[in-house]
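Our numbering puts the sequence shown at residues 194 to 633. Glycine included, every Cβ here is placed at the ideal spot set by N, Cα and C. These figures come from a predicted structure and were not determined experimentally.
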Amino acid sequence: MYLDINGVMIKQFSFKASLLPFSSNFRQSSAKIHRPIGATMTTVSTQNESTQKPVQVAKRLEKFKTTIFTQMSILAVKHGAINLGQGFPNFDGPDFVKEAAIQAIKDGKNQYARGYGIPQLNSAIAARFREDTGLVVDPEKEVTVTSGCTEAIAAAMLGLINPGDEVILFAPFYDSYEATLSMAGAKVKGITLRPPDFSIPLEELKAAVTNKTRAILMNTPHNPTGKMFTREELETIASLCIENDVLVFSDEVYDKLAFEMDHISIASLPGMYERTVTMNSLGKTFSLTGWKIGWAIAPPHLTWGVRQAHSYLTFATSTPAQWAAVAALKAPESYFKELKRDYNVKKETLVKGLKEVGFTVFPSSGTYFVVADHTPFGMENDVAFCEYLIEEVGVVAIPTSVFYLNPEEGKNLVRFAFCKDEETLRGAIERMKQKLKRKV
C-alpha cells in the first residue's frame, strides 16, 4: 500500500495490457502500433475486490483515460527513473514570490477572492500584457484569473463553443485541448505540424477553414515541439480568421521562454484582439506549477462567456497565491532575461547530450521541451521505446503519439523536458550513454 500522487491510499498490481489506458489517443483503431507491455495500474482500496464495480464515466469522456503524465510519473517512481517527462521544474521558484505568498497568508488573505481575480492581480496582468504586446486592456472587464492556464482553456471552450462547432487545432498538441473540446461538444479538425521544423502547412490550413469553423486553438511557443509560430504563419491565421469570422484561442504559457526570436501574441496583430482569447499562467515562468494561477485576456464580449464558465468551474482561485502573483508580475526585466539565459543553457546541455547518445534532435526555439527521433534505437514505436527507457535505462520521456489525433503520426518521436537542474540533466544523459545502443 502507498499514496498515489493525489494522496489517495492505493494498492499496486501488475498486468499485461496495451497502453490504451494511457491517453485519449490510444484508440482501438490505432492500437496496432502499441505492443502489450507490463504496466503498473492502481485501484483505490475502498472496497473488497469481490464487490468492486466497473469504472463509470460519461460517454463524452470514455476515450480520455488517465493522462500520460500521471502514468509516467507513477512509473518513474516505481523504477527510480530520472523524470524528463512531465514539464515541471525540480527546482523552486524565486524567493520574493514565495515570501509574498507567506506574507499574504500571515495578513489573513485566506478567504474566497473575487471570482474573476483580486483587482491588484487583474491590474498586474493587464500591465504586463501592455508591456509585452502594446495592447491596453481593461483589467475589470477583460482579464479573468483562473486556476492555471488549463482552466482558462476549459473556460474558453465551455463558455464560447457550442455543441457541433468546428475547432481547428495543430497536432501535436497539449492533451487537455482535445478532452476539453470533447466536453464542449466540438468537432475537432487537426492540422499536423511535421518535422524537422514543424512549420504550419499553410495550404492545408486554408483548406481546413470553412464557414463551419468556429475557432482555431493554437499554442506558441509550442508544446511539445518547441516551435515558435513565425510572423508569416500568424498573419496567415489572422487573415483566415478575419475573412471567415473565426475566433482564436491562444495558449501562450511559454511566452517568456522564447530563445531564438521574439514571441508574437496573435492578439497584437491588426483586427485580431477583438476575436482572440489569450491564455497564460504563472507556473512556467516562475517555476511554481503547483500554484495553478492562470488567466484569460479577451474583449468584453468574449470575456462574458469565459467568466460564465469559470464561475461554475472553480468560482475563484487561491487568494494568497494571487497576491504572490502580483509580486511576480512586477518582476524586473532582468528576471526574465536571466530566466531565458538559464533555460537556454539547460537546453544546450540536453540537446548536446541527446545527440551524443544517438538521437536525431529537432530544433526547439521555445518552451522547455525538445522532441527527438528514437528510431535509431530499433524500437517499433514511441510507446515501446519509452517503456524500455524507463524500465531498462532509468529515464522518463513522453511518447508523442498521445498528442496526435492519429497516433501513427507521432510514433517515431519522443519528448524530453529540460526544466531540471544540471545534475539531473547530466545524470539522465549519462544513463542513456551507458545503456542505450543504436541499432541502425
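(request) Name the two residues that bound the continuous beta strand (DSSP E) containing Ala364. (result) Counting along the chain, the beta strand (DSSP E) containing Ala364 begins and ends at Glu359 to Ala364.
(request) Enumerate in chain order the residues of its own chain whose CB-to-CB distance from Tyr536 is below 8 Å, with the five nearest sequence positions on each side excluded. (result) By the criterion of a C-beta distance shorter than 8 Å, Tyr536 is surrounded in its chain by Leu450, Phe452, Tyr561, Phe611 and Cys612, once the five residues flanking it on both sides are discounted.
(request) Quick one: give me the first and last residue of the beta strand (DSSP E) that Trp488 is part of. (result) Where Trp488 is concerned, the enclosing beta strand (DSSP E) stretches over Gly487 to Ile490.
(request) Go through its chain and collect everything with a Cβ distance to Phe215's Cβ below 6 Å, but skip five positions before and after it. (result) Here the model assigns Phe215 a pLDDT of 43, short of 50, so the residue's position is not dependable and the matter cannot be decided.
(message) Between Lys405 and Glu359, how many whole angstroms is the CB-CB distance? I'm expecting something under 8 Å.
(response) Going by Cβ atoms, the distance from Lys405 to Glu359 rounds to 5 Å, so yes, they are a contact pair.
(request) Check whether the stretch 536-546 touches the stretch 616-632, counting contact only when three or more Cβ pairs, one atom from each stretch, lie closer than 8 Å. (result) They touch, by the three-pair rule.
(request) Report buried or exposed for His494, applying the criterion of at least 16 other Cβ atoms within 10 angstroms of its Cβ. (result) Counting C-beta atoms within 10 angstroms of its own C-beta, His494 has fewer than 16 neighbours from the protein chains shown and is therefore classed as exposed.
(message) Could you compute how far the alpha carbon of Val563 sits from the alpha carbon of Phe529?
(response) Roughly 21 Å between the two C-alpha positions.
(message) Taking its Cβ as the centre, do 16 or more other Cβ atoms sit within 10 Å of Thr259, making it buried, or is it exposed?
(response) Per the 10 Å Cβ criterion, exposed.
(message) So within the stretch 415-474, which uninterrupted alpha helix (DSSP H) runs reach at least 4 residues, ignoring any that extend past its ends?
(response) Complete alpha helix (DSSP H) runs here, min 4: 424-437.
(message) Check for me: the alpha helix (DSSP H) holding Arg387 runs from which residue to which?
(response) Premise fails: Arg387 is in no alpha helix (DSSP H) and is neither H nor E.
(message) Output needed for Phe555: all residues of its chain with C-beta closer than 6 Å, excluding positions within five of it in sequence on either side, in chain order.
(response) Around Phe555: Pro388, Pro389 and Val564.
(message) Taking the beta carbon of Pro417 as the centre, do at least 16 other beta carbons fall within 10 Å, making it buried, or is it exposed?
(response) Classification for Pro417: buried.
(message) Quick check on Arg407: buried or exposed, where buried means 16 or more other Cβ atoms within 10 Å of its Cβ?
(response) Result: buried.
(request) Check Arg228 in the structure and name its three-state DSSP category. (result) With a pLDDT of only 38 at Arg228, under 50, the local geometry of the prediction cannot be trusted, and the value read off the model is given with reservation. Coil.
(message) Quick check: the Cα distance between Ile457 and Ala319, rounded to an integer number of angstroms?
(response) Pairing Ile457 with Ala319, the inter-Cα distance amounts to about 17 Å.
(request) Could you check which residue in Gly357, Ala518 and Leu351 has the C-alpha nearest to that of Thr482? (result) Closest in alpha carbon position to Thr482, among Gly357, Ala518 and Leu351, is Ala518.
(request) State the Cα-Cα distance for the pair Gly571 and Ser443, rounded to the nearest angstrom. (result) Rounded to the nearest angstrom, the two C-alpha atoms are 37 Å apart.
(message) Taking the beta carbon of Asp325 as the centre, do at least 16 other beta carbons fall within 10 Å, making it buried, or is it exposed?
(response) So Asp325 counts as buried.
(message) Using the three-state DSSP reduction, which class does Arg307 fall into: helix, strand or coil?
(response) DSSP places Arg307 in coil when its eight states are reduced to three.
(message) Which same chain residues end up closer than 7 Å to Gln515 when comparing Cβ atoms and leaving out the 5 residues on each side of it in sequence?
(response) Counting only residues of its own chain and dropping the five nearest sequence neighbours on each side, Gln515 has a CB closer than 7 Å to the CB of Ala306, Gly310, Ile311, Leu314, Val338 and Ile486.
(request) Classify Gly278 as buried or exposed, calling it buried when 16 or more other Cβ atoms lie within 10 Å of its own Cβ. (result) So Gly278 ends up on the buried side.
(request) Kindly identify the DSSP beta-bridge partner or partners of Lys659. (result) Because residue 659 is not part of the residues shown, which for the chain are 194 to 633, the question remains open.
(request) Look at the alpha carbon of Glu426 and the alpha carbon of Arg468, and state the distance between them as a whole number of angstroms. (result) Distance from the CA of Glu426 to the CA of Arg468, rounded to the nearest whole angstrom, comes to 17 Å.
(request) Pick helix, strand or coil for Asp566, following the three-state DSSP scheme. (result) Asp566 carries a strand assignment under DSSP once its states are collapsed to helix, strand and coil.
(message) Measuring straight from C-alpha to C-alpha, what distance separates Gln501 and Ala379?
(response) Distance between the alpha carbons of Gln501 and Ala379: 18 Å.
(request) Pick helix, strand or coil for Ala518, following the three-state DSSP scheme. (result) Three-state DSSP puts Ala518 in a helix.
(message) Please classify Pro592 as buried or exposed, where buried requires at least 16 other C-beta atoms within 10 Å of its C-beta.
(response) It is buried - the Cβ of Pro592 has at least 16 other Cβ atoms within 10 Å.
(request) To the nearest angstrom, report how far apart Leu374 and Gln627 are at their CA atoms. (result) Cα to Cα, the separation comes out at about 43 Å.
(message) Looking at Lys539: is its Cβ nearer than 8 Å to the Cβ of Leu462?
(response) With contacts defined as CB atoms closer than 8 Å, Lys539 and Leu462 fail to qualify as a contacting pair.
(request) Using the DSSP secondary-structure output, state which residues sit across from Val607 in a beta bridge. (result) According to DSSP, which records beta bridges pairwise, Val607 is partnered with Ala565 and Pro592.
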